[in-house]
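Asks: Counting from 1, one number per residue, gives the positions in the sequence shown under full-length UniProt numbering.
I have a structure I would like to understand better, so I am pasting it below and will then ask my questions one at a time.
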Amino acid sequence: MATDRRKFLKQFGTSVILTSASLTSLAAKEEHERRILQAEKRISSNDKIRIATIGMGIMGFNDTRAALSVPGVELVACCDLYKGRLDRVKELYGPNIFTTGNYKEILSRKDIDAVIVATSDNWHVPISIDAMHSGKAVYSEKPMVHHISEGLKEIKAQRETKAVFQVGSQRVSSIAFKKARELYQAGAIGKINSIEASFSRQSALGAWQYTIPLDASVQTVDWDQFQANSKAKHDYDSNRFFRWRNYREYGTGVAGDLFVHLLTGIHFITGSKGPNKIFSIGDLDYWKDGRNVPDVMSAVISYPESPEHPAFQTTLRVNFVSGEGERSTTKIVGSEGVIDMSDGGGFTIRKRKMPVAPGYGGWDSFDTYPEAMQKAIVEEYNKKYSAADQQAPKMDDVIYHEPEGYNDSNEHFANFFDSMRTGKPVVEDAVFGFRAAAPCLACNDSYFENKVIKWDPVNMKLG
Ligand SMILES: NC(=O)c1ccc[n+]([C@@H]2O[C@H](COP(=O)([O-])OP(=O)(O)OC[C@H]3O[C@@H](n4cnc5c(N)ncnc54)[C@H](O)[C@@H]3O)[C@@H](O)[C@H]2O)c1
1 MATDRRKFLK QFGTSVILTS ASLTSLAAKE EHERRILQAE KRISSNDKIR IATIGMGIMG
61 FNDTRAALSV PGVELVACCD LYKGRLDRVK ELYGPNIFTT GNYKEILSRK DIDAVIVATS
121 DNWHVPISID AMHSGKAVYS EKPMVHHISE GLKEIKAQRE TKAVFQVGSQ RVSSIAFKKA
181 RELYQAGAIG KINSIEASFS RQSALGAWQY TIPLDASVQT VDWDQFQANS KAKHDYDSNR
241 FFRWRNYREY GTGVAGDLFV HLLTGIHFIT GSKGPNKIFS IGDLDYWKDG RNVPDVMSAV
301 ISYPESPEHP AFQTTLRVNF VSGEGERSTT KIVGSEGVID MSDGGGFTIR KRKMPVAPGY
361 GGWDSFDTYP EAMQKAIVEE YNKKYSAADQ QAPKMDDVIY HEPEGYNDSN EHFANFFDSM
421 RTGKPVVEDA VFGFRAAAPC LACNDSYFEN KVIKWDPVNM KLG
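Below, the structure written as structure tokens:
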């Protein structure tokens, strides 16, 4: 660890609270103003960024809202396979928004600069690749791929087309994750050795039993298109369409859906390219509604030593039947502390260092020796170790809160549009997105095939 980094850390003295007012609020405000100026400077009628969203479900609406929070961005068109969602688009954004059930009609329009791909996981890659070849910038929801075999193809398409392509895992743009990374890199927790991260839920909606509209049928849903790229075809089933996460044919289970957020944050903070060994276990414990993916899953993942970091181990867990209720945790543990990012909104760094002296007494063999021996041991010990050596150094926690009202999805979109406007690299490119997604999908393979999966994180290939 470079000494200048150590010095920098010492500035975060006793009981340090990094408040949003002192460190972030002002910077965030300035950043927002800079974007307005930049957008205004370029705005003529053709200079706005004109977007379309493909997949207008829960995230499609959320992503569209976040995208439109960025100055100089305009919604032109939306695409979805359920008619009611296209009606909803017109209710919210007006009758002039072009709507269609065929994404190719979006891609062929010359007046659209960027598309958001917020479909079910099975369509991310085909639509994103088509969109890049049609000259669009692409914001693709996570996980970047449905199958590991798709990753290098998508990276190649991005390289060939040079399209602006960003994956939609917003932790990469989060101000708290950026601050945690800065402190991690400055040595705040010593040498990293392990990470624990999880999501716990205890509700039907949390377990993906989303509301189904009353008119759901083959008349209102383009079922053939939805399963067009699936090998196994099924008769129309509203559960499969509106609760697709529960089926491997269209979704990626808890690993692809939620582990991917955890690994994205972990890779961002540690700078890691990824693990080399992945093992997971799972169980369908409670939500036996026809789904073919587990509702409780745990993974053990091994990160080898690399130029970016020492070797460390990661355990991931998703539990949809958790008596703990709704929680998420990320604890990054090092030899001298832990970065605890649990439950979002910021983090706490608790620092602990071992004293030089090993100590005696307590849960120890010391008390089992005759009194004279105990006395001699204490004398010897006090000669060997100074009073300071016998104490664990006092180190204070660092607490960081995000600014009030802060939204990392808005920030992630602002970064995406900045890359379109300025040509600077995106914050989460296809290589990063694939390196986060592939180990998560390997967790599914490990569970379904009951084996350890080997992964080459540098070349992004299964071992
Ligand atoms: N970044 C995040 O925090 C975050 C949060 C939630 C969901 N997501 C991701 O967003 C994606 C969508 O999730 P959701 O919860 O919004 O699902 P959803 O079921 O609510 O919406 C998906 C929509 O995609 C449409 N669709 C599917 N295939 C299509 C196709 N070929 N052409 C056009 N439309 C198509 C469906 O009609 C559906 O309305 C998922 O990949 C999910 O992983 C990301």
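We treat Cβ as the ideally placed atom computed from N, Cα and C, and that holds for glycine.
Since the structure is predicted, the reported quantities are computational estimates derived from the model, not experimental observations.
Pick helix, strand or coil for residue 462, following the three-state DSSP scheme.
Replies: DSSP places residue 462 in strand when its eight states are reduced to three.
Asks: Check the DSSP bridge columns for residue 340 and list the partner residues they point to.
Replies: Partner(s): 331, 348.
Asks: Compute the minimum distance between the beta carbon of residue 473 and the heavy atoms of ligand 1, and state whether it is under 7 Å.
Replies: In the structure as shown, the chain starts at 1 and stops at 463, and residue 473 therefore has no counterpart that could be examined.
Asks: With respect to 7 Å, is the separation between the Cβ of residue 81 and the closest non-hydrogen atom of ligand 1 below this value?
Replies: The answer is yes for residue 81.
Asks: For residue 258, tell me which candidate among 441, 52, 447, 51 has the shortest Cα-Cα distance.
Replies: Nearest C-alpha to residue 258: 441.
Asks: For a test of your reading of the model: does the CB of residue 141 fall under 7 Å from any non-hydrogen atom of ligand 1? Yes or no.
Replies: Answer for residue 141: yes, Cβ within range of ligand 1.
Asks: Quick check on residue 312: does DSSP put it in helix, strand or coil?
Replies: Note: residue 312 maps to strand in three-state DSSP.
Asks: Under a Cβ-count criterion, where at least 16 other Cβ atoms within 10 Å of its own Cβ denotes burial, should residue 140 be classed as buried or exposed?
Replies: Counting Cβ neighbours within 10 Å, residue 140 comes out buried, since at least 16 surround it.
Asks: For residue 131 and residue 398, I'd like the C-alpha separation in whole angstroms.
Replies: Straight-line Cα distance between these residues: approximately 44 Å.
Asks: Within the continuous beta strand (DSSP E) that includes residue 381, where are the two ends?
Replies: Where residue 381 is concerned, there is no enclosing beta strand (DSSP E), although the alpha helix (DSSP H) it sits in stretches over 371-384.
Asks: Quick test of your reading: residue 349 and residue 188, contact by CB under 8 Å. State the CB separation rounded to the nearest angstrom.
Replies: That pair is a contact at about 5 Å.
Asks: How close, in whole Å, do the beta carbons of residue 326 and residue 120 come, if the pair is a contact with beta carbons under 8 Å?
Replies: Residue 326 to residue 120, Cβ: 23 Å. No contact.
Asks: From residue 13 to residue 186, what distance separates their C-alpha atoms?
Replies: Interpretation of residue 13 is limited by its pLDDT of 39, a score under 50 that renders its predicted location unreliable; no figure is taken from the coordinates.
Asks: Buried or exposed: which applies to residue 51, given that a residue is buried once 16 or more other Cβ atoms fall within 10 Å of its Cβ?
Replies: The residue in question, residue 51, is buried, as its Cβ has 16 or more Cβ neighbours within 10 Å.
Asks: How many whole angstroms separate the CB atoms of residue 77 and residue 116, which I take to be in contact at a CB cut-off of 8 Å?
Replies: About 11 Å; that fails the 8 Å criterion.
Asks: Select from 323, 390, 347, 127 the residue whose C-alpha is nearest the C-alpha of residue 353.
Replies: Checked all of 323, 390, 347, 127; the closest Cα to residue 353 is 390.
Asks: Going by the beta-carbon positions, is the gap between residue 332 and residue 377 smaller than 8 Å?
Replies: For residue 332 and residue 377, no; Cβs fall outside 8 Å.
Asks: Return the bridge partner residues of residue 297 from the DSSP annotation.
Replies: Note: residue 297 sits in a beta bridge opposite 282, 318.
Asks: Roughly how many angstroms lie between the CA atoms of residue 243 and residue 249, to the nearest whole one?
Replies: If I take the Cα positions, the gap works out to 12 Å.
Asks: Leaving out five residues before and five after residue 318 in sequence, what residues of the same chain have Cβ atoms less than 6 Å from its Cβ?
Replies: Result list for residue 318: 199, 254, 258, 297, in chain order.
Asks: What first and last residue would you give for the alpha helix (DSSP H) that runs through residue 223?
Replies: It spans 223-226 - the alpha helix (DSSP H) in which residue 223 sits, taken as one unbroken run.
Asks: Taking the straight line between their C-alpha atoms, what separation do you get for residue 57 and residue 355?
Replies: Going by the C-alpha atoms only, they are around 55 Å apart.
Asks: Just confirm the distance between the C-beta atoms of residue 394 and residue 276, as a whole number of angstroms; I'd bet it's less than 8 Å.
Replies: Residue 394 to residue 276, Cβ: 38 Å. No contact.
Asks: Contact defined as beta carbons within less than 8 Å: I believe residue 62 pairs with residue 409. What is the distance between those atoms, to the nearest angstrom?
Replies: Yes, residue 62 and residue 409 are in contact; Cβ-Cβ is about 7 Å, under 8 Å.
Asks: Tell me whether residue 256 sits in a helix, a strand or coil according to DSSP, three-state version.
Replies: If DSSP states are grouped into helix, strand and coil, residue 256 belongs with the helices.
Asks: So, residue 344 versus residue 328, is the Cβ gap smaller than 8 Å?
Replies: Going by C-beta atoms, residue 344 is nearer than 8 Å to residue 328.
Asks: I need the boundaries of the beta strand (DSSP E) containing residue 50, first residue and last residue.
Replies: It spans 49-54 - the beta strand (DSSP E) in which residue 50 sits, taken as one unbroken run.
Asks: Specify the secondary structure class of residue 103 as computed by DSSP and reduced to three states.
Replies: Reduced to three states, the DSSP call for residue 103 is helix.
Asks: With H, G and I counted as helix, E and B as strand and the rest as coil, what does DSSP make of residue 447?
Replies: Three-state result, residue 447: helix.
Asks: Would you please state the rounded distance, in angstroms, between the beta carbons of residue 252 and residue 444? I believe it to be under 8 Å.
Replies: At roughly 7 Å, the Cβ-Cβ gap stays under 8 Å, so residue 252 and residue 444 are in contact.
Asks: Could you check what DSSP says for residue 194 in three-state terms: helix, strand or coil?
Replies: Strand at residue 194.
Asks: Determine the contact status of residue 436 and residue 260, defining contact as a CB-CB distance below 8 Å.
Replies: Contact: yes.
Asks: Please report how far the alpha carbon of residue 230 lies from the alpha carbon of residue 122, in whole angstroms.
Replies: Cα to Cα, residue 230 sits roughly 8 Å from residue 122.
Asks: May I ask whether a heavy atom of ligand 1 can be found less than 7 Å away from the beta carbon of residue 225?
Replies: Yes, Cβ of residue 225 sits closer than 7 Å to a heavy atom of ligand 1.
Asks: For residue 87 versus residue 55, is the C-beta spacing smaller than 8 Å?
Replies: Cβ atoms of residue 87 and residue 55: not closer than 8 Å.
Asks: Using 8 Å for Cβ pairs, my map puts residue 285 next to residue 321. What's the rounded Cβ distance?
Replies: Between residue 321 and residue 285 the Cβ distance is about 5 Å, and since that is below 8 Å, they are a contact.
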